[in-house]
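Engineer:
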Amino acid sequence: MEGKITDLEKYRILVIDAEATSRLKLRYVLEREEAEVREAASGEEALALCSSWKPDLILLEVILKGEDGFQLCRRLQNTVKEKSLPVIMVTWLDDDQSIEMAFAAGVVDFFSKPFNSALLKHRILWWREQEKKTKHLKEADQRQPEPQWADIIYYLPDATMVIDCEGKVIAWNRLMEEMTGVRAEKILGKGKYEYAIPFYGNRRPMLADLLLQADENLEKEYYFLQMENNSVVAETTVPRLKGKSVFLWVKATRFYDRENNLAGAIESIRDISKERRLDGHLPQLSLRDSLTGFYNRAYFLEELQRLQNIRFSPAGIIMVAVDGLRFINETLGYETGDILLVKTAEAITKCSGETDILARVGGNEMAILLANTSRPVLERFRRRILETVDRYNDQEGKLLFSAAVGFAFRGAAAKSMTDLFQEAENHMYQEKTSRLDSVRQAMVQKFTRALDTLDYLAEGHGERIQQMALRLAAVLRLPEHRVHELRLLANYHDLGKVGVPERILMKPHRLTSEERLEMQKHAEIGYRLALGNLELVSIAEYILKHHEWWNGEGYPSGLKGEEIPLLCRICAIAEAFEVMLSGRPYRPALSREEAFAELRRGAGTQFDPGLVEKFIDTWSR
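Under this note's numbering, the first residue of the sequence shown is numbered 39, with each subsequent residue one higher.
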């Protein structure tokens with residue numbers, strides 16, 4: 039039997055990315071591990087290579103020529119049917135919406151650029167080993183008999199257990215013995231979640247159980263949870279594995295008998311604490327959240343369990359959710375989003391007592407556990423948090439600080455602490471839902487005001503671009519729905535500039551090369567924002583591509599000629615013309631004839647030459 043895979047020798051990896059530099063970096067990383075690497079810059083190239091070369095794994099960027107990576111991922115899954123083809127997204131996008139769209143399209147993992155090379159290598163190795171396991175299991179199933187299948191499980195390269203549909207352990211391999219210190223003969227045939235005791239110190243469901251019975255509460259205890267057909271992959275921390283807290287990567291897969299009836303689930307576990315330290319996500323595996331200083335979810339759940347055993351003790355839980363965190367991360371950056379989380383933690387700390395347990399239990403969710411409390415105390419605590427939030431909004435004009443707060447109380451009656459946690463969470467979500475429209479409206483207003491302050495070229499810049507673009511649209515006789523999209527594009531093409539530092543936007547001199555790269559990010563920021571707005575989702579692609587050049591030297595994808603959407607080509611001419619007539623802080627305004635001459639100079643390089651002549655002609659009538 040082969041040992042654990044430690045390199046990528048002869049493993050075929052297809053890199054799909056429009057940027058040559060990104061492809062080159064990935065090739066360098068992968069070929070050091072002796073992988074076989076091919077490159078594709080577009081979907082058509084990728085599909086051709088999948089047909090002729092048959093890769094084992096794909097690394098895919100979202101931003102491509104002609105179509106986005108989400109669409110291509112679906113095409114690849116539909117085209118390559120003879121074997122499972124894992125796709126890992128490696129992209130400049132890093133927002134929640136893009137991550138959700140990626141997994142919905144069928145990717146198995148997601149990396150944001152710049153990526154950690156060591157962690158990417160380990161993730162690819164993981165997927166290669168999963169293929170090896172699947173192959174062994176299929177071969178075992180074809181060859182029969184049952185004992186041979188159990189032997190293969192025993193020698194798999196990760197700690198692995200198998201449970202049947204009744205939750206009884208039917209396989210427990212040698213690496214699971216090493217990881218837990220529990221011998222197979224002591225656990226085989228046992229049920230009632232006994233297999234969880236070495237990890238958590240008590241009986242409770244694990245990831246394999248999630249495939250046998252849906253459990254939303256269990257899902258929340260895992261990070262990066264990804265469901266795909268009959269498998270689920272996730273990461274989690276466990277507090278008591280051989281006396282220490284560790285970070286685990288877990289995969290569970292359903293298995294079926296020969297009549298295709300569900301027979302149980304296989305769970306494979308790997309300790310990835312070292313990789314997490316490499317990636318900077320797990321500095322010390324402590325019980326505290328590194329950003330806020332609050333306790334983490336694992337510790338909070340342990341405290342709930344401890345209080346559960348103290349009967350007739352009054353207790354309360356307050357849940358706080360930071361509204362609009364994704365919006366702030368996408369527009370002003372994750373550093374600003376982190377500031378907001380820290381501000382929330384500070385507000386909670388000011389309102390809390392020394393004995394209260396403060397924890398960050400989710401990306402934007404925090405919880406306060408109060409023992410020996412009362413309902414009036416919880417209500418006052420809730421009001422103080424909201425008052426602190428209001429004061430922050432009065433003092434700080436840049437960020438919209440909004441929080442949904444809910445609480446639940448347990449009196450002398452023996453209500454389960456788990457139920458109490460769920461009740462507090464439900465109340466928080468009810469408040470969040472009831473205020474959703476007003477919060478969204480407030481964010482739109484804040485965002486609109488931010489755009490107004492960024493109109494540094496001249497008042498009415500967007501309106502004038504719209505008028506100029508519509509003149510050309512009339513000549514081209516565009517249908518009404520395209521005219522509507524053009525109006526939106528003219529007004530919102532620079533939407534993403536709210537995520538660019540003001541020192542760059544307002545700079546009175548030409549930008550440095552580093553500043554230009556920072557400025558160019560606004561196209562992708564605007565794209566992500568538009569995807570999250572129902573009114574703007576139809577023009578999201580145009581916002582992304584409105585700085586592409588006719589000769590292929592624009593950004594972000596280097597599209598060329600008619601690869602660039604027509605509305606983007608129209609908007610580019612109208613915007614350039616308006617800027618030339620209005621001037622910039624570092625360049626005086628031009629006359630109309632001078633601006634016409636500049637447009638003609640850019641025809642065939644920056645602009646569509648045919649549209650330039652039509653545009654100029656509309657002003658000559």
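Just so you know, even glycine gets a beta-carbon here, dropped at the ideal spot from N, CA and C.
Should Glu613 go down as buried or exposed, given a rule of 16 or more other Cβ atoms within 10 Å for buried?
Structural biologist: To locate residue 613, count along the sequence shown from 1; it is residue 575. Buried, because 16 or more other Cβ atoms sit within 10 Å of the Cβ of Glu613.
Engineer: Between the region 623 to 636 and the region 132 to 145, do at least 3 Cβ pairs fall closer than 8 Å?
Structural biologist: Note that the region 623 to 636 does not touch the region 132 to 145; fewer than 3 beta-carbon pairs, one per stretch, sit closer than 8 Å.
Engineer: Indicate the three-state DSSP secondary structure (helix, strand or coil) for Glu47 in the structure shown.
Structural biologist: In the sequence shown, the residue the question calls residue 47 occupies position 9. Coil, per DSSP.
Engineer: Rounded to whole angstroms, what is the Cα-Cα separation between Glu223 and Val443?
Structural biologist: Position 185 of the sequence shown holds residue 223. Position 405 of the sequence shown holds residue 443. Cα to Cα, Glu223 sits roughly 49 Å from Val443.
Engineer: So the candidates are Lys583, Ile563, Ala359; which of them puts its Cα closest to the Cα of Val380?
Structural biologist: Your numbering for residue 380 matches position 342 in the sequence shown. For the residues Lys583, Ile563, Ala359, the minimum Cα distance to Val380 belongs to Ala359.
Engineer: Taking contact to mean at least 3 C-beta pairs separated by less than 8 Å, is the region 264 to 276 in contact with the region 285 to 296?
Structural biologist: yes
Engineer: Taking Cβ to Cβ, would you say Tyr565 is nearer than 9 Å to Glu579?
Structural biologist: The residue you call residue 565 lines up with position 527 of the sequence shown. The residue you call residue 579 lines up with position 541 of the sequence shown. Going by C-beta atoms, Tyr565 is nearer than 9 Å to Glu579.
Engineer: With distances taken between CB atoms, is the gap from Ile563 to Leu527 smaller than 9 Å?
Structural biologist: Translated into positions along the sequence shown, residue 563 becomes position 525. Translated into positions along the sequence shown, residue 527 becomes position 489. Their beta carbons are not under 9 Å apart, which means Ile563 does not touch Leu527 by this criterion.
Engineer: I think Thr129 touches Ser155, with their Cβ atoms under 8 Å apart; what is that distance to the nearest whole Å?
Structural biologist: Sequence index remark: in the sequence shown, residue 129 carries index 91 (1-based). Sequence index remark: in the sequence shown, residue 155 carries index 117 (1-based). Their Cβ separation, rounded to whole angstroms, is 16 Å, which puts Thr129 and Ser155 out of contact at 8 Å.
Engineer: Quick check: what's the CA-CA separation for Ala561 versus Leu114?
Structural biologist: Indexing the sequence shown from 1 puts residue 561 at position 523. Indexing the sequence shown from 1 puts residue 114 at position 76. If you draw a straight line from the Cα of Ala561 to the Cα of Leu114, it is about 27 Å long.
Engineer: Any idea which residues DSSP pairs Ser150 with across the strands?
Structural biologist: Position 112 of the sequence shown, counted from the start, is the residue given in the question as residue 150. Answer is Thr129.
Engineer: Going by C-alpha to C-alpha distance, which of Tyr372, Asp106, Met357 sits closest to Ala441?
Structural biologist: Along the sequence shown, one-based indexing puts residue 441 at 403. Out of Tyr372, Asp106, Met357, Met357 has the C-alpha closest to the C-alpha of Ala441.
Engineer: Which runs of the alpha helix (DSSP H) fall wholly inside the region 211 to 265 and span at least 4 residues, in chain order?
Structural biologist: 212 to 218, 222 to 225, 235 to 238, 245 to 250, 254 to 257
Engineer: Given that a residue counts as buried once 16 or more other Cβ atoms are within 10 Å of its Cβ, and exposed if not, what is Gln251?
Structural biologist: On the sequence shown, position 213 is the one that residue 251 refers to. Answer is exposed; the Cβ neighbour count stays below 16.
Engineer: Please classify Trp588 as buried or exposed, where buried requires at least 16 neighbouring CB atoms within 10 angstroms.
Structural biologist: Taking the sequence shown and counting its residues from 1, one reaches residue 588 at position 550. Classification of Trp588: buried, given that the 10 Å Cβ count is 16 or more.
Engineer: What is the DSSP secondary structure of Val513, reduced to helix, strand or coil?
Structural biologist: One-based indexing of the sequence shown puts residue 513 at position 475. Helix.
Engineer: Which partner residues does Ile54 have in the DSSP bridge list?
Structural biologist: Indexing the sequence shown from 1 puts residue 54 at position 16. Bridge partners of Ile54: Ala78, Leu98.
Engineer: Rounded C-beta distance between Tyr49 and Arg166? I'm assuming under 8 Å.
Structural biologist: Along the sequence shown, read from residue 1 onward, the residue named residue 49 stands at position 11. Along the sequence shown, read from residue 1 onward, the residue named residue 166 stands at position 128. Tyr49 to Arg166, Cβ: 6 Å. Contact.
Engineer: Based on Cα-Cα distance, which residue from Val399, Glu259, Ile608 lies nearest to Arg520?
Structural biologist: As a first step, residue 520 is located in the sequence shown; it is residue number 482 there, counting from the start. The shortest C-alpha separation from Arg520 is found at Ile608.
Engineer: If you draw a straight line from the C-alpha of Leu628 to the C-alpha of Thr59, how long is it?
Structural biologist: What you label residue 628 is simply residue 590 of the sequence shown in a count that begins at 1. What you label residue 59 is simply residue 21 of the sequence shown in a count that begins at 1. Near 37 Å, if we compare the C-alpha coordinates of Thr59 and Leu628.
Engineer: Between the alpha carbons of Glu69 and Gln264, how many angstroms are there, rounded?
Structural biologist: Start at 1 with the first residue of the sequence shown, and residue 69 comes out as number 31. Start at 1 with the first residue of the sequence shown, and residue 264 comes out as number 226. The straight-line gap from Cα to Cα measures roughly 28 Å.
Engineer: In angstroms, rounded to a whole number, what distance separates the CA positions of Val617 and Ala507?
Structural biologist: On the sequence shown, residue 617 is found 579 positions in, with the first residue counted as 1. On the sequence shown, residue 507 is found 469 positions in, with the first residue counted as 1. Cα to Cα, Val617 sits roughly 13 Å from Ala507.
Engineer: With DSSP as the reference, identify every bridge partner of Ala641, one or two as the case may be.
Structural biologist: Along the sequence shown, one-based indexing puts residue 641 at 603. Beta-bridge pairing links Ala641 to Phe645.
Engineer: DSSP on Trp287, reduced to helix/strand/coil?
Structural biologist: Position 249 of the sequence shown, counted from the first residue, corresponds to residue 287. Trp287 falls in the strand class under three-state DSSP.
Engineer: Can you name, in chain order, every residue of its own chain whose Cβ lies under 6 Å from the Cβ of Lys598, other than the five neighbours on each side?
Structural biologist: Working through the sequence shown from its first residue, we reach residue 598 at position 560. Once the five neighbours on either side are set aside, the close Cβ partners of Lys598 are Gly590.
Engineer: Taking the beta carbon of Asp253 as the centre, do at least 16 other beta carbons fall within 10 Å, making it buried, or is it exposed?
Structural biologist: Taking the first residue of the sequence shown as 1, we reach residue 253 at position 215. Exposed, by the Cβ-count rule.
Engineer: Check each candidate in Ser328, Leu424, Gly400 and name the one with the smallest Cα separation from Glu463.
Structural biologist: Here residue 463 refers to the residue found at position 425 when the sequence shown is read from its first residue. For the residues Ser328, Leu424, Gly400, the minimum Cα distance to Glu463 belongs to Gly400.
Engineer: Just list the alpha helix (DSSP H) runs in the region 566 to 624, keeping only unbroken ones of 4 residues or longer that don't cross its boundaries, in chain order.
Structural biologist: 578 to 583, 604 to 620
Engineer: To the nearest angstrom, how far is it from the Cα of Glu216 to the Cα of Leu345?
Structural biologist: On the sequence shown, residue 216 is found 178 positions in, with the first residue counted as 1. On the sequence shown, residue 345 is found 307 positions in, with the first residue counted as 1. Distance between the alpha carbons of Glu216 and Leu345 is about 32 Å.
Engineer: Could you check the C-alpha separation between Ala641 and Met544 for me, to the nearest Å?
Structural biologist: The sequence position of residue 641 within the sequence shown is 603, counting from 1. The sequence position of residue 544 within the sequence shown is 506, counting from 1. The alpha-carbon atoms of Ala641 and Met544 are separated by roughly 28 Å.
Engineer: Whose C-beta lies closer than 7 Å to the C-beta of Gln168 among residues of the same chain, with five residues either side of it excluded?
Structural biologist: For the purposes of this step, residue 168 is taken as the residue at position 130 of the sequence shown. Taken in chain order, the residues that qualify are Lys289.
Engineer: Note down, in chain order, each residue of its chain lying with its Cβ closer than 7 Å to the Cβ of Arg502, except the 5 sequence neighbours on either side.
Structural biologist: Position 464 of the sequence shown, counting from 1, holds the residue named residue 502. Residues of the same chain with a CB within less than 7 Å of the CB of Arg502, apart from the 5 flanking positions on each side, are Glu616 in chain order.
Engineer: Does DSSP put Met357 in a helix, in a strand, or in coil?
Structural biologist: On the sequence shown, position 319 is the one that residue 357 refers to. Of the three classes helix, strand and coil, the one that applies to Met357 here is strand, per DSSP.
Engineer: Hey, out of Asp376, Ala353, Trp91, whose CA is closest to Thr330's CA?
Structural biologist: Taking the first residue of the sequence shown as 1, we reach residue 330 at position 292. Of the listed residues, the one whose Cα sits closest to Thr330 is Asp376.
Engineer: DSSP state of Gly564, grouped into three classes?
Structural biologist: One-based indexing of the sequence shown puts residue 564 at position 526. Reduced to three states, the DSSP call for Gly564 is helix.
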